[in-house]
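Some notes on the structure that comes next.
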Amino acid sequence: MRLPWRFLIGLLWAAGAQAQGQVYGLAGKSTDDPNYVAAWRGCAAEAQVWGDRCEAIGTPGPARARAQDAAVVAALQRGLAGLAVAVTNSRYLADSALALAAQRGVPVVTFDTDVEGAQRTLRRVHIGADDEEIGRQLASLVIARRPEGGQLCLLAGDSQDPGIAARVTALRRALAQDPKLPEGARLAGERGWREVARCPWFNGDDTRRAVRQLQLAFSEEGADAVVSLGAWPFADPPRYRAAVASLRLQGRSRVVVAATGALSPAQKALLADGQVHGFVSLDYELMGRYAYRAMKRLATGHAVEPSIRIGAVVRQGL
């Protein structure tokens, strides 16, 4: 559910009076991913208002479960009042870092990517988007440009990410106009849509690899539409622009849409120039603020709704 501002401000006064000067941790999948940098920025700004500190936990580079787990364990050993984590590998973290948090009585909030159902008892709150709705919104952007269908390639970061899996299923069902299409079923001609044989492609949260995959999807695999389930190809707009310069994306024959965080000026320029045809964007800074507020409430003995939704904004190119 999406909570009103009474959750965000009013209920924190009592909590703030009880415990100030605490350290909270926010662990994204990578410390140089723009979305998780934005989330930490929101967490840090909100913590400062209440006299606390929000520490960025993790390592730079592509997302790696072992590296994330080691960083979270080290932060817990230093001492945290609360932990927010964007989950890389649910089972791996559950057996190590999240188990340690439970042992030490540190309340855990997940954001962006949740743990799997079997590990839900290890976290108190999940903050994130409605992934199925994002999948449907991406499908709507594609259909608006190619109602006749075509060859489709999906790009994703991690094959084990349940949030991405939910987006993929919802997108396929929306394109097929079949709400009962089984999970994992590839499009094979439904409503004119057929998935390229080598896709989905997974990039391990590596921007360079994602850009190369998008380029190859059009130039070698014959894709008519590429849907990126995350922002990976667009994290470096100049690199993306250079890579697709020869693909003639400005016409209506090819489609590129993606789910992203808040758009930078350079990403907005890609949309205006017809190098990308639509974005479904999330406010990760707001997600970080919500994460701090939830951690603060839990650390001071107050209840929090188990699910907090962050809405998405759909931006469509000309």
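Read in order, the letters of the sequence shown correspond to residues -19 to -1, 1 to 299 in mature numbering (1 follows the signal peptide of the UniProt record, and there is no 0). In this text, a Cβ means the ideal position worked out from N, Cα and C, and glycines have one as well.
May I have the straight-line CA-CA distance separating residue 123 from residue 258, to the nearest angstrom?
Straight-line Cα distance between these residues: approximately 9 Å.
Between residue 184 and residue 138, which are expected to be in contact by the criterion C-beta below 8 Å, what is the C-beta distance as a whole number of angstroms?
About 6 Å separates the Cβ atoms of residue 184 and residue 138, confirming a contact at the 8 Å cut-off.
Where does residue 252 sit, in a helix, a strand or coil, going by DSSP?
The answer is helix: DSSP assigns residue 252 an H, G or I state.
Quickly, what does DSSP pair residue 65 with across the bridge? List them, please.
Note: residue 65 sits in a beta bridge opposite 7, 90.
Which same chain residues, not among the five before or five after residue 158, have their C-beta less than 7 Å away from its C-beta?
In chain order, 172 place their CB closer than 7 Å to the CB of residue 158, counting only its own chain and leaving out the 5 sequence neighbours on each side.
Scan the region 104 to 139 and note each continuous alpha helix (DSSP H) run of 4 residues or more that stays entirely inside, going in chain order.
Here the runs fully enclosed are 112 to 126.
Boundaries of the beta strand (DSSP E) in which residue 36 is found, first to last residue:
If you look at residue 36, you'll find it in the beta strand (DSSP E) that goes 34 to 38.
Let me know the secondary structure DSSP gives residue 176 once reduced to three states.
DSSP places residue 176 within a strand segment (E or B) once states are collapsed to three.
Buried versus exposed, by CB contacts within 10 Å (16 or more), residue 209
Buried is the call here.
Taking contact to mean 3 or more Cβ pairs, one atom from each stretch, closer than 8 Å, check whether the region 279 to 299 and the region 149 to 169 are in contact.
Three or more Cβ pairs closer than 8 Å define a contact, and the region 279 to 299 falls short of that threshold against the region 149 to 169.
Nearest to residue 19 by alpha carbon, out of 7, 29, 255?
Measuring from the Cα of residue 19, the nearest candidate turns out to be 7.
Nearest-angstrom Cα distance between residue 128 and residue 189?
Roughly 30 Å between the two C-alpha positions.
Can you give the beta carbon distance from residue 36 to residue 274, rounded, assuming they're within the 8 Å contact cut?
Here residue 36 is actually not in contact with residue 274; their C-beta atoms are around 16 Å apart, not less than 8 Å.
Starting from residue 289, follow its DSSP beta bridges and name the residues at the other end.
Beta bridge pairing from DSSP links residue 289 with 108.
Supposed contact pair residue 177 and residue 230 - C-beta distance, whole angstroms, cut 8 Å:
Rounded, the Cβ-Cβ distance is 17 Å, inconsistent with contact.
Rounded to whole angstroms, what is the Cα-Cα separation between residue 290 and residue 232?
Computed Cα separation, rounded: 35 Å.
State the Cα-Cα distance for the pair residue 65 and residue 213, rounded to the nearest angstrom.
Going by the C-alpha atoms only, they are around 22 Å apart.
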